[in-house]
Ligand code: SF4
Ligand code: FES
Ligand code: FES
């Protein structure tokens, strides 16, 4: 290259090899995460492979032994100059009013490689500027240089080919089909990769100039995948979030929820100070603003006035690892209650999540591997994982076998899709594993056998993406399934947890029976370092979310802390959540907004800082710990969650947090008391800020630990009111056989956009939550006398919701599917906690 | 309009000719255009469903080809060539005359929906300049007077020219033993029957 010898990898494209060795070749269409197309010709360089030098697009030419390349010869420079002049022929040069100005590859490369003057005096082509191609994304076709990045992304990466080149020659333009918007969960990525200002997204349009932005590397917080992001702000306001390219995680891509979710943090309705009210109904039920001293003393007073087992904490997935640890310390180590649960009856057994052998995203996507998905639709719940899996399946020969309650975004790519109807999941998984391990009947032609054959062929190292399936099935279906699945030889698990930093919460001990570092409460010995930093430990094993709410409904909980949780909308049983919230004597909400639960029942609301407003770390589903950075200050006097916990600790037990005055100090204490957290040192975090620190996958409850040993965690002391498992689902009759004539088995899973609190406060995503729809299999339409597309009421023994009837062949016959939290139609109104199956009927409205 | 029942059946047959459904996209678009005179949104959606492409992909592909129309055109689509040879032989004047006599702009359609006049690039009949096409059927060395006569004949029904959408003859009749193989290449386990037969013939 330019006279020097350069080593390259076999098959590597010339443009990439040159870049690695320090020579940047200008480009527009080439993108290292997508296939090369050679659209723009900007990367022309002179190449000699033995027949003399000639111009070649370096993004399309793989390197070869002895190839000679001249990147800066007269011919190369003239070619690049010419291409730029050509690209600018129809470009409007409206840089002064263009959002891309200042960070525009077209602008930059024209300055560096292009002509200073144009010779084009004719009329440029004109289009109406800009057109909305989706709710959020705008397209200015005059600026477009037809590089095919956005269209390639839509087709190749997202699998949503909803934008396409239309027309030919100088009439070519990017557009959507008539009335069919670019409604992709990933549309924002096209804005990020467009090399000109042709694509812009509503949240950032005309908000700032790039040179006014400052940026920090952080971690996305809306789901548990922990995509790496760059948070950009100007004048103490976050204005944009971009995907950072972490090879191990998100490859630079983000879902629109991760990208635009920051809008909620800028909402005028954010809590900016603590609030108190004396009554939740009757007189004095309006919140009034209070000082921190008064509010915290109110909470401390309530905690002092009661006994530990009458205190409970629900939630915590929003918090950083450090804040989670402080809240675990406050609840378990200072107050002394074990009634702590970061999940709301909608997740997996924490012992299971911590104990199963772990897989990384990379393991799941290893070329030629096999992934068994037993859980929810990754496209809806972990959209960036969906992108990685989709890439692995389409490009790297990864095989997918899915056991899901209904068709998913990956079903059309799956080798086998098994759809157990509600109540039969665990049995089906057991049969599948029997067949795959040769311990059951085999040789027949059933779908299970075909799927089992794929698993057998995969041999060792199947990666199981394991999550909670339908939320209308009890949580222990997941436990039972996992127990069966761990019989697969060397299977490893990637837990498909739903909410934010849930893995961090479990690692920090925000679950009944656990303390930080995957340790069982009962195993903590007197000499353990935990005993030194924690004033006390709970005397008895605590309650999970379901039991907490039951106890609260009975009047047995005096202080209920909602740590960023909204049981009314997120707990699986709306009625129980309601009764629990009303039954608890004092409800304390620690949150960014007054959510529905707090508005119903909270007496104290503590204003917390958001994810871009405090420093800390995040643990994703793989156990990867990465930095979250403070970019802006919280509104008003809102405080970081760890500070709130630390203050309460001090009020209850002076000296219990001495020295814990920063996230770093908290990390240090955590690393000291927890083996599992020991690798998280400041050095390790700064050494690889992009990929973070991957925690080892097994701990005290790990492979040799509690879960594996006994099937279920064995608790020495008698569990107080622990939710008893429902009758072993594996042993049940098929509920389909007992189904009343007009009855359906309810399936409910989450969608990416719903009526959750954060999304309600995102102007650009608010309208995207799909309207409530009751989906049944087309074969079932005869069973009811109601036309498709009519308004119906879905009724269970426990409640009803209103929806529109639709058919969907992805729903198994006999089942009815509704989304978890459609606006105005919360599915948890239909469900009672711990029932095996929920039978619903449909009535015309 | 979406595809008629007869065309649905034909579409299914056409898809069967190809190893992959997507390969049938262009023939199906011809079918849809033959049915409606242009590509309606409904028809493009349906074709997309049939071959497994999004409507945007269908429209994007169709849009590459000038002869696919997205708006209704007249019964007779008149393309007047104004490229170099025709230009030298009066193509411009012919186009002007066509527009004037039919009272339309270039690209416009007469009020009765009979004629649409368009300007065409070289249609590779330079020896017959100036030339035009009516529904892609050639007329060479056309004078303004010839043009008027042609229009009169068409109006009066003395001359008939097939509809513009039916240009592509997508109907085929291929005996099974002459099919080129309709198995996707990666799944093909044996040589197509015709190849086997030819080889058998050669050796026999
Ligand atoms: S809109 Fe942007 S990304 Fe898409 S083709 Fe045009 S220049 Fe490329
Ligand atoms: S970057 Fe090589 S052709 Fe566009
Ligand atoms: S120039 Fe008119 S046909 Fe060639």
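Protein chains in written order, with this note's numbering: chain A, 408 to 1252; chain B, 14 to 217. Note that beta-carbon positions come from the ideal geometry of N, C-alpha and C, so glycine has one too. Every value quoted in this text rests on a predicted model; they were computed, and no experiment measured them.
query	result
Candidates A:1182, A:591, A:628, of which the one nearest residue 724 (chain A) by Cα	A:628
At least 3 beta-carbon pairs within less than 8 Å: the stretch 772-780 of chain A vs the stretch 869-880 of chain A	yes
Three-state class that DSSP yields for residue 1110 (chain A) in the structure shown	Low confidence applies here, because residue 1110 (chain A) scores a pLDDT of 40, under 50, leaving its location unreliable and the question unanswered by this model.
Burial state of residue 518 (chain A), where buried means 16 or more other Cβ atoms lie within 10 Å	exposed
CA-to-CA distance, residue 1202 (chain A) to residue 1247 (chain A), given in whole angstroms	5 Å
is_contact[residue 67 (chain B), chain A] using C-beta, thresh 8 Å	yes
Bridge partner(s) assigned by DSSP for residue 1149 (chain A)	Residue 1149 (chain A) is not bridged to any residue.
Residues from the stretch 510-543 of chain A in contact with chain B, defined by Cβ distance under 7 Å	none
Where the alpha helix (DSSP H) containing residue 1226 (chain A) begins and where it ends	Taken as a continuous stretch (DSSP letters only), residue 1226 (chain A) belongs to no alpha helix (DSSP H), being part of the beta strand (DSSP E) at 1222-1226.
Distance cut-off 7 Å: residue 136 (chain B) Cβ against heavy atoms of ligand 3	yes
Residue from A:1181, A:1206, A:1150, A:1052 whose Cα sits closest to the Cα of residue 1196 (chain A)	A:1181
Continuous beta strand (DSSP E) assignments of at least 3 residues falling wholly in the stretch 1028-1064 of chain A	1031-1035
C-beta neighbour in chain A for residue 81 (chain B), strict 8 Å	no
Bridge partner(s) assigned by DSSP for residue 1249 (chain A)	A:1201
Straight-line Cα distance separating residue 887 (chain A) from residue 881 (chain A)	11 Å
Where the stretch 545-577 of chain A meets chain B: residues whose CB sits under 7 Å from a CB there	568, 569, 570, 571, 572, 573, 574, 575
Residue 583 (chain A): contacting residues in chain B (beta-carbon distance under 7 Å)	69
Limits of the unbroken beta strand (DSSP E) element including residue 621 (chain A)	621-626
Chain A contact residues for residue 77 (chain B), given Cβ-Cβ distances below 7 Å	575
Per DSSP, the bridge partner or partners of residue 128 (chain B)	B:89
Reduced DSSP secondary structure (H/G/I, E/B, other) of residue 1003 (chain A)	helix
8 Å contact criterion, which residue 747 (chain A) and residue 735 (chain A) should meet: CB distance rounded	7 Å
Neighbour list for residue 587 (chain A) in chain B, Cβ cutoff strictly below 7 Å	68, 69
Heavy atom of ligand 1 within 7 Å of residue 579 (chain A) beta-carbon	no
Reduced DSSP secondary structure (H/G/I, E/B, other) of residue 641 (chain A)	strand
Burial state of residue 643 (chain A) (16 or more Cβ within 10 Å)	exposed
Own chain residues within Cβ distance below 7 Å of residue 96 (chain B), not counting five before or after	134, 135
Nearest neighbour of residue 666 (chain A), chosen from A:1027, A:677, A:682, A:636 [CA to CA]	A:636
Coarse secondary structure for residue 46 (chain B), derived from DSSP in three states	helix
Cross-chain neighbours of residue 54 (chain B) in chain A, by beta carbon under 8 Å	584, 585, 586
CB contact below 8 Å: residue 50 (chain B) versus chain A	no
Of the residues A:1210, A:606, A:525, A:799, the one placed nearest residue 1252 (chain A), counting alpha carbons only	A:1210
Whole-Å CB distance - residue 1161 (chain A) paired with residue 1228 (chain A), under 8 Å assumed	4 Å
Distance cut-off 7 Å: residue 464 (chain A) Cβ against heavy atoms of ligand 2	yes
For residue 809 (chain A), the first and last residue of its enclosing beta strand (DSSP E)	806-810
Residue environment, residue 1071 (chain A), which counts as buried when at least 16 other CB atoms sit within 10 Å	exposed
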